[in-house]
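J.: My structure is below; once you've seen it, I'll send some questions.
Protein chains in written order, with this note's numbering: chain A, 24 to 323; chain B, 62 to 337.
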């Protein structure tokens, strides 16, 4: 149903009013988000140094060529992908378990649901600081717990070793975000009508069979949306790494965003740093495309 | 169907394990903040303060500019919330109710902007802020945060305005009220719960943001809490007691907020995800 165009008392046509009301938000987005993306693309084709922005020259794709031959770039790409895949997979499994638990009626459920939000709500730098102290090689409680339980026979430097540092970051990330995943999945579970389970029980389907034939297919769209959010967030990981390891030891925990940040604001190389940022942007774009594809296939 | 006693016990043990894992880091932070200096470096670490010591809290506020960080964060996060919600209330209403071309394009644009990685815009924004003399200022951060929270805020509010029954407006229209008047006097009050939910989400996002705060405001006097906490250990000795005390102070209001507004936050977060 279309409504009348002219509105009596003001005389402003409805569509003009619409554009006026959207304008401030749209202007912000265009100026502070869209324009800078294009500018990053153009910066990535220059050799701009932050101290001398006026001396920047156009150098075509040189920065990209340099990156493709740069082992540090490839190791950052590997670290980012490893971190993203492992932490999102763990978050999905743990989040699912939490959602199934929170979906059952039990005493104290309200408290559990509230507690689950807290890690999500605090700043990442704060949670990273908390974990950094717990991982400490001498005074950290994690060494204490593992030693008491007999998993290790002496204290280890978890953050100081190239084999464990990235895992430390993954665990801290899973702690902070699995509960959030759990809440999103819980909301999805709650939209599944109870009759479906009753019908499945009448048909003699076991609990496990019900999970695969009723729960999983019906929660798939919610799960994909939750996965998009989490995958993109994990792929952009920065605060956590910055605080926990600073990218070290060596470059063993350096992610792409961390590498871009270092190049931009420590080496003050805006050309090369922008090129890394562009590649991150392209990666994020591709990840979104894959998920959107999966989602639209779901809806068919 | 009755559950057996054993499975109930196993179930509660699972719940307890989850809760312990979630709560433990907070517990550790709190006892660390209350440990006296001589106990902080015990090996193995003590699981309870040998005596309750408030010196770390006093130090965080007096010897370190922690109060300044809190003030900066409060100014930036509150202003961002006010601007973002103000701007997107108009946009959300127009997108939900008024007829004009390009509405879907605007929503799609906002959605794609919400997926932008911050790092992809930080270098040009830094140069823009430098040019406008907005580095080391509140305005630069507020402008940036308002923009990055607009997509989320706009989507939430558009969805919310759509749930308000159209009869209200029809009635007002019949009475000869302009759409703008209808919006201010009739729709906005009805939308208060949705606006409030959106405001909480925007506030948390602005309060926690790190990358732009780190790069734009490098002067200590203008740092926000997340940056201040991250930079705490940058000195020669690691002041773990002070850092812990500072983090407890930052986390407490957030915990209270989450406990009070739990249901609103969850509904705001899940609205988009469940509807798809």
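Beta carbons are placed, not taken as given, at the ideal position from N, Cα and C, and that holds for glycine. None of the values given here were measured: they were computed from a predicted structure.
#1: Of the choices 283(A), 293(A) and 56(A), whose alpha-carbon is the least far from that of residue 206(B)?
#2: Should residue 125(A) be flagged as near chain B, meaning a C-beta pair shorter than 7 Å?
#3: Compute the beta-carbon to beta-carbon distance between residue 312(A) and residue 195(A), rounded to the nearest angstrom, for a pair I have assumed lies under 8 Å.
#4: Go ahead and label residue 331(B) buried or exposed: buried means 16 or more other beta carbons lie within 10 angstroms of its beta carbon, across all protein chains shown.
#5: Kindly list, in the order they appear in chain A, the residues whose Cβ is closer than 9 Å to that of residue 152(B).
#6: In its own chain, which residues sit with a C-beta less than 7 Å from the C-beta of residue 243(A), not counting the 5 before and 5 after it?
#7: Measuring CA to CA, which of 220(B), 239(B) and 121(B) is closest to residue 305(B)?
#8: Please check the pair residue 105(A) and residue 257(A), which I expect to be a contact at CB under 8 Å, by giving their CB distance rounded to whole angstroms.
#9: Looking only at its chain, what residues have a beta carbon closer than 6 Å to the beta carbon of residue 128(B), apart from the 5 residues adjacent to it on each side?
#10: Measure the alpha-carbon distance for residue 225(A) versus residue 233(A) and round it to whole angstroms.
#11: Provide the residue span of the alpha helix (DSSP H) that contains residue 89(B), from first to last.
#12: At what residues does the alpha helix (DSSP H) containing residue 242(B) begin and finish?
#13: In chain A, what lies closer than 7 Å to residue 308(B) by C-beta?
#14: Any chance the segment 274-282 of chain B sits against the segment 86-94 of chain B, with 3 or more Cβ pairs inside 8 Å?
#15: So, is residue 190(B) buried or exposed, given that buried needs 16 or more other C-beta atoms within 10 angstroms?
#16: So, is the C-beta of residue 271(B) closer than 7 Å to a C-beta in chain A?
#17: According to DSSP, is residue 296(B) part of a helix, a strand, or is it coil?
#18: Checking the sheet assignment: what are the DSSP bridge partners for residue 81(A)?
#19: Report the residue ranges of all alpha helix (DSSP H) runs contained in full by the segment 111-146 of chain A; include only those spanning at least 4 residues, in chain order.
#20: Should the segment 47-54 of chain A be called in touch with the segment 138-156 of chain B, which here means at least 3 C-beta pairs below 8 Å?
#21: Can you tell me which residues form a DSSP beta bridge with residue 292(A)?
#22: Give the straight-line distance between the Cα atoms of residue 296(B) and residue 128(A), rounded to the nearest whole angstrom.
#23: Would you please state the rounded distance, in angstroms, between the beta carbons of residue 66(A) and residue 178(B)? I believe it to be under 8 Å.
#24: Give the straight-line distance between the Cα atoms of residue 85(A) and residue 141(B), rounded to the nearest whole angstrom.
#25: Could you pull the start and end residues of the alpha helix (DSSP H) that residue 137(B) belongs to?
#26: Taking all protein chains shown into account, decide if residue 231(B) is buried (16 or more other Cβ within 10 angstroms of its Cβ) or exposed.
#27: Just the C-alpha distance for residue 227(B) and residue 216(B), rounded to the nearest angstrom, thanks.
#28: Within its chain, find whatever has a CB closer than 7 Å to the CB of residue 303(A); leave out the 5 residues flanking it on each side and keep chain order.
#29: Taking one C-beta from the segment 159-173 of chain A and one from the segment 227-241 of chain A each time, how about it: are there three or more such pairs within less than 8 Å?
#30: What whole-angstrom Cβ distance do residue 308(B) and residue 149(A) have, given they're in contact under 8 Å?
#31: Taking all protein chains shown into account, do 16 or more other C-beta atoms lie within 10 angstroms of the C-beta of residue 297(A), making it buried, or fewer, making it exposed?
#32: So which residues on chain B does residue 121(A) lean against when the C-beta distance must stay under 8 Å?
#33: Compare the C-beta of residue 340(B) with all C-beta atoms of chain A and state if any pair is closer than 7 Å.
#34: Measuring only from the beta carbon, is residue 241(A) closer than 6 Å to any heavy atom that is part of the ligand PLP?
#35: Would you mind working out which of 182(A), 183(A), 184(A) and 165(A) sits nearest residue 175(A), comparing C-alpha positions?
T.: A quick look at the data gives this:
#1: 56(A)
#2: no
#3: In fact, because the Cβ distance is near 29 Å, the residues do not count as touching under 8 Å.
#4: buried
#5: 44, 45, 46, 47, 48 and 49
#6: 321
#7: 121(B)
#8: About 11 Å; that fails the 8 Å criterion.
#9: 122
#10: 11 Å
#11: 66-95
#12: 240-243
#13: 149, 152 and 153
#14: no
#15: buried
#16: yes
#17: Bear in mind that the predicted position of residue 296(B) carries a pLDDT of just 49, short of 50, making it too unreliable to give a figure here.
#18: 69(A)
#19: 132-144
#20: yes
#21: 72(A)
#22: Any answer about residue 296(B) is weak, because its pLDDT of 49 lies below 50 and its placement is not dependable; what the coordinates show is given next. About 50 Å.
#23: Their Cβ separation, rounded to whole angstroms, is 15 Å, which puts residue 66(A) and residue 178(B) out of contact at 8 Å.
#24: 39 Å
#25: 127-158
#26: exposed
#27: 19 Å
#28: 279, 280 and 283
#29: no
#30: 5 Å
#31: buried
#32: 79
#33: Here chain B comprises residues numbered 62 to 337, so residue 340(B) is not present and cannot be evaluated.
#34: This structure lacks the ligand PLP; in fact it carries no ligand of any kind.
#35: 165(A)
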